[in-house]
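Asks:
Residue numbers (the working numbering), protein chains in the order written: chain A, 1 to 380; chain B, 1001 to 1380.
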């Protein structure tokens, strides 16, 4: 059993988590709730009423709640009917970047990843992109958004017409409770402080939503974009997400490149989405055939490429980059990846105007090892 | 903790399993080793030196060892080199049926499935197909083979020119130790008692094996047949298996029909085989493309068909049949499936000459439930 650090106020956390002291001690002992290198607490697994990725900042016992998992519609029309009882729904773009929560803690803007780690790189970007006033005026809010662009060290994408990395707000939530503001209240505040939001396609009567969203999804897919989040405008009911076939196939393509680094359920769920979408869209044999080809290619081509590369003694890695103002941020980011267990090689920084571009090679060790082992004659 | 049945001689089992009495008690308490309805013992998980599926027949404490898992070559050429140190290898057909061990216990021929259950249907068939003399002359042997044909309740196939269900011998092993006879000794005995063996393609010098097997595999694939087992003729080294692309894709097609009843690793490993085979065969872009199409179709088409069927309120089931001499065997087989946890509907027997054909619908409940749930709007 681990020693619980003496500076942790168990009573206070039990109160914040609406649970018992015994439960909190159990979480700390099993390290489900554990201290980060910067001395705060992260909850690694959801417990009743508290989302995984929730942070407790020990200085003032402020809580930034983990971002709740959004349920996915597989058959859109029936899911809309089963999920929403509101009259109309707001349809916003689901972007392909990484989920970030930006909060004001101890008079500083900090940015947290989905898992609850303070990311030094995202924090540097957030401090530039988000005006401090939004937090001095509203200290109790958390900005939840997608960080997207080519200089993303997690999900680099060039599809959003972003130069380096931008923050796209999708939710404003309350510190401590995690309660979301209404869609209208969010846009109000965003506009006031000039913060970019994810695209709002419109607010549609529930009866029209299926046709509207289907058209939107097909268009998004054609531009290689991910999908939509469908919201009760009052945010009283949890949102629903739905994605394009192109996004599923591109996920598969990425995942099969690093085939042994991903969970099998990642592949499986994306394949299932294709089948249900095809049935819901009542596709012709020709449309089904072209979906089959896309799926087959998305799976096999990247895997074949990976095996061939390793056969030629190349290492499989994901190449990403960060653009930082301070080399100290790059150093701290390196340590951050190390803590996350990501094996990465940082290249020498290149000075670009008043910033530094640092190229990073993330090594997918499991895929490298498994492929090498098979190439040298090991069995599956 | 369960009560260990008083009639079990722990000392004797410890001796047979080359382990301690304490270990045996542990296995019995955890029901890893448990009593079957006919009063014998089955080992459900491999333990050091004893294969899963091993049976202990309590009357004489005779052991029929579980059939060992055969390792699979992913890259054939390097696997042959890494796996075998013998000068030549025997290449036999790996058939697509179900693994059966036939033994002589208490003066009766019985047939065991891979998991170690005495299958009443397979036993009836074995008693017809295998002459008793082989066992009265050699009471210490176990015949390991594939049951294949259209009247297979597990894997019905029409590809082997079999009328109902035939036994194809591939290994003869010793009772109690599980040690295999050499390939030559097996053929000797088989010939003497007129027992059909799986096809022997030839015995090839190890240096030529890769080219020979590759040609064999391509031909087998073209006829929809599964693959080969590669053996040290002396059976001192464990065999290796290797399968055709067509067999992988047909497995996938079957599994994606019942997509929620199969383990995710079943899909994943078959997809990986396709990628490695393509690289090993140094395929052209056109060949890769046609493999992608086959893979994509093998995955998506059956899943789409399943979803549509359930949308039309049809139940997804596997339709199989058995051909029995005695209706009592059909009754016992029904009970056998129930014990295995397989949900099946038995149709009214049809008399055909002096036998009864019984059609059976095996219900894939998990796939039915999951699909229905999504069709009514539940999220993934």
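Quick reminder that beta carbons are idealized off the backbone N, C-alpha and C, glycines included.
Quick one: using the 10 Å Cβ neighbour count with 16 as the cut-off for buried, is residue 1209/B buried or exposed?
Replies: It counts as buried.
Asks: Taking Cβ positions only, does residue 1213/B come closer than 9 Å to chain A?
Replies: Not one chain A Cβ lies under 9 Å of residue 1213/B.
Asks: Residues of chain B with CB under 8 Å from residue 297/A, in chain order?
Replies: Near residue 297/A (Cβ distances below 8 Å), the residues of chain B are 1289, 1292, 1296.
Asks: Of the residues that make up the region 1052-1076 of chain B, which ones have a beta carbon closer than 8 Å to any beta carbon in chain E?
Replies: The chain labelled as chain E is not found among the protein chains of the depicted structure, namely A and B.
Asks: Taking just the CA atoms, how far does residue 1331/B sit from residue 1356/B?
Replies: Their Cα atoms are separated by approximately 12 Å.
Asks: Compute the beta-carbon to beta-carbon distance between residue 1172/B and residue 1216/B, rounded to the nearest angstrom, for a pair I have assumed lies under 8 Å.
Replies: Between residue 1216/B and residue 1172/B the Cβ distance is about 23 Å, and since that is not below 8 Å, they are no contact.
Asks: Got a sec: is the Cβ-Cβ distance from residue 1082/B to anything in chain A below 9 Å?
Replies: Yes, its Cβ sits closer than 9 Å to a Cβ of chain A.
Asks: Report the three-state DSSP secondary structure of residue 1023/B (helix, strand or coil).
Replies: The answer is helix: DSSP assigns residue 1023/B an H, G or I state.
Asks: Would you check if the distance between the CB atom of residue 417/A and the CB atom of residue 73/A is smaller than 9 Å?
Replies: Here chain A has residues from 1 to 380 only, and residue 417/A is not among them.
Asks: In the DSSP assignment, what residue or residues form a beta bridge with residue 1279/B?
Replies: According to DSSP, which records beta bridges pairwise, residue 1279/B is partnered with nothing at all.
Asks: Determine whether the Cβ of residue 1279/B lies closer than 9 Å to any Cβ atom of chain A.
Replies: At least one chain A Cβ lies under 9 Å of residue 1279/B.
Asks: Between which two residues does the alpha helix (DSSP H) holding residue 1135/B run?
Replies: Per DSSP, residue 1135/B belongs to the alpha helix (DSSP H) from 1133-1137.
Asks: Of the residues 19/A, 20/A, 40/A, 26/A, which one's Cα is nearest the Cα of residue 7/A?
Replies: Nearest of 19/A, 20/A, 40/A, 26/A to residue 7/A, Cα basis: 40/A.
Asks: Taking just the CA atoms, how far does residue 162/A sit from residue 301/A?
Replies: C-alpha separation (whole angstroms): 29 Å.
Asks: Alpha carbon to alpha carbon, how far is residue 365/A from residue 182/A? Give it in angstroms, no decimals.
Replies: Roughly 43 Å separates the two Cα atoms.
Asks: Measuring CB to CB, does residue 362/A end up less than 9 Å from residue 324/A?
Replies: Not closer than 9 Å, so no.
Asks: Does the distance from the CB of residue 112/A to the CB of residue 64/A come in under 9 Å?
Replies: Contact flag set, yes.
Asks: Please look up how many angstroms separate the CB atoms of residue 1134/B and residue 1123/B, rounded, as I've assumed it's under 8 Å.
Replies: That belief does not hold up - the Cβ atoms of residue 1134/B and residue 1123/B are roughly 16 Å apart, past 8 Å.
Asks: Please identify the residue among 1278/B, 1198/B, 1380/B, 1299/B whose C-alpha is closest to the C-alpha of residue 1143/B.
Replies: Considering only alpha carbons, the answer is 1198/B.
Asks: For residue 250/A and chain B, any beta-carbon pair shorter than 9 Å?
Replies: Closer than 9 Å: no.
Asks: Residues of chain B with a CB under 8 Å from the CB of residue 376/A: which are they?
Replies: Simply 1078, 1082.
Asks: In chain order, which continuous runs of the alpha helix (DSSP H) of length 4 or greater are located wholly inside the region 306-369 of chain A?
Replies: Within the region 306-369 of chain A, the complete alpha helix (DSSP H) runs of at least 4 residues are 327-339.
Asks: Please list, in chain order, all residues of the same chain as residue 51/A whose beta carbon is under 6 Å from its beta carbon, the five residues on each side excluded.
Replies: Excluding sequence neighbours, residue 51/A sits near 65, 66, 68.
Asks: Does the structure place the region 1265-1276 of chain B close enough to the region 290-308 of chain A that three or more beta carbon pairs sit under 8 Å?
Replies: Segments in contact, yes.
Asks: Taking C-alpha atoms, which residue in 1244/B, 1246/B, 1267/B lies nearest to residue 1255/B?
Replies: It is 1267/B.
Asks: Compare the C-beta of residue 273/A with all C-beta atoms of chain B and state if any pair is closer than 9 Å.
Replies: Yes, contact with chain B.
Asks: From residue 286/A to residue 248/A, what does the alpha carbon distance come to, in whole angstroms?
Replies: About 20 Å.
Asks: Please classify residue 1153/B as buried or exposed, where buried requires at least 16 neighbouring CB atoms within 10 angstroms.
Replies: By the neighbour-count rule (16 or more Cβ atoms within 10 Å), residue 1153/B is buried.
Asks: Using three-state DSSP, classify residue 115/A as helix, strand or coil.
Replies: Coil, per DSSP.
Asks: With DSSP as the reference, label residue 998/B as helix, strand or coil.
Replies: Nothing in the structure corresponds to residue 998/B, since chain B is present only between 1001 and 1380.
Asks: Can you tell me which of the three DSSP states residue 1171/B falls into?
Replies: Residue 1171/B falls in the strand class under three-state DSSP.
Asks: In three-state terms, what does DSSP make of residue 1303/B?
Replies: Of the three classes helix, strand and coil, the one that applies to residue 1303/B here is helix, per DSSP.
Asks: Would you list the residues sitting across from residue 1143/B in a DSSP beta bridge?
Replies: In DSSP, residue 1143/B forms a bridge with 1102/B, 1172/B.
Asks: For residue 1242/B, does the three-state DSSP call read helix, strand or coil?
Replies: Three-state DSSP puts residue 1242/B in a strand.
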